[in-house]
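Okay, structure coming up:
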């Protein structure tokens, strides 16, 4: 009897081991991280900027004498000046934005000179010329943001538009080179007109808050030439050959809706893997 029970128990043990061997262990289910959808920083923004412009007048010309010969100023220098401006723009996506800006170039003084003859009898003389200009610039701009690194987003951009350049009256006094006398001062009426303008920009935006960005950058501004002053006492009119400005600029942008929170989307439910029987 004992031998029979032992045989039955051994047979059951062998069958259990065989069944366990046929049951494959369930594979571990990898944990999936939660999926987060981040809302892109898009929408309208306002901007304001101040800067310092290192100006370069590309020269000036004027008509002199009864034969209406146009000659160059022998010397034509324009002082540096400050700029201030603002604009409205739209952040299209994380890499592209565009805006419309209006800037004011504060008064930049002009100092020029010409050489010729004056007095009676005619002697060699040099004329000292003084004036100043201001400029209003309207530009349509586009920028490419080159990715965000921490809180900093470098960018490049370009703009196209026009500038209204206004010259004040030009005053000139001609003095004999030997210092013997000077003519009376002559005043030429200043001119103003719109000129074609383009700009190239590079810089970086710095995140201050979720909807405020500081902006530090460089802008090259090219303004075409135009009318400078009118005719007076056998001299004029005159025109400038245009000017360039290398601007160091700082400013800020306020993005409407920039503080929108990222939305969370839970991962899809994955059914538990059932054991596989062989």
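Residue numbers (UniProt numbering): 1 to 278.
Beta carbons are placed, not taken as given, at the ideal position from N, Cα and C, and that holds for glycine.
Residue pairing for residue 154: DSSP places it in a beta bridge opposite 204. Annotated as proximal: residue 99 and residue 45, with beta-carbon spacing under 9 Å. With 16 or more neighbouring CB atoms inside 10 Å of its own CB, residue 139 falls in the buried class. Contact between residue 137 and residue 163 holds, since their C-beta atoms are separated by about 4 Å, short of 8 Å.
Contact holds between the stretch 176 to 188 and the stretch 112 to 132, because three or more Cβ pairs, one in each stretch, are under 8 Å apart. Judged by their CB atoms, residue 101 and residue 51 are not nearer to each other than the 9 Å cut-off. At the C-beta level, residue 97 and residue 151 stay beyond 9 Å of one another.
DSSP, read as helix, strand or coil, puts residue 168 in coil.
Remark: three or more beta-carbon pairs, one from each stretch, lie closer than 8 Å, so the stretch 51 to 63 and the stretch 75 to 87 are flagged as touching. A direct Cα-Cα distance of roughly 43 Å separates residue 127 from residue 203.
Our two residues, residue 61 and residue 256, have alpha carbons roughly 48 Å apart in a direct line.
Using a Cβ distance threshold of 9 Å, residue 59 and residue 241 count as a contacting pair.
Taking C-alpha positions only, residue 235 is separated from residue 246 by approximately 32 Å. DSSP places residue 92 outside both helix and strand once states are collapsed to three, so it counts as coil. Between residue 230 and residue 166, the C-beta gap is not smaller than 9 Å, which leaves the two residues out of contact.
Straight across, the Cα-Cα distance linking residue 169 with residue 260 is about 53 Å.
Taken through DSSP and simplified to helix, strand or coil, residue 196 comes out as strand. Shown here for residue 196: same chain residues with a beta carbon closer than 7 Å to its own, the five before and five after excluded, namely 162, 224 in chain order. Going by beta carbons, residue 103 and residue 244 fall outside the 9 Å limit.
Taken through DSSP and simplified to helix, strand or coil, residue 55 comes out as strand.
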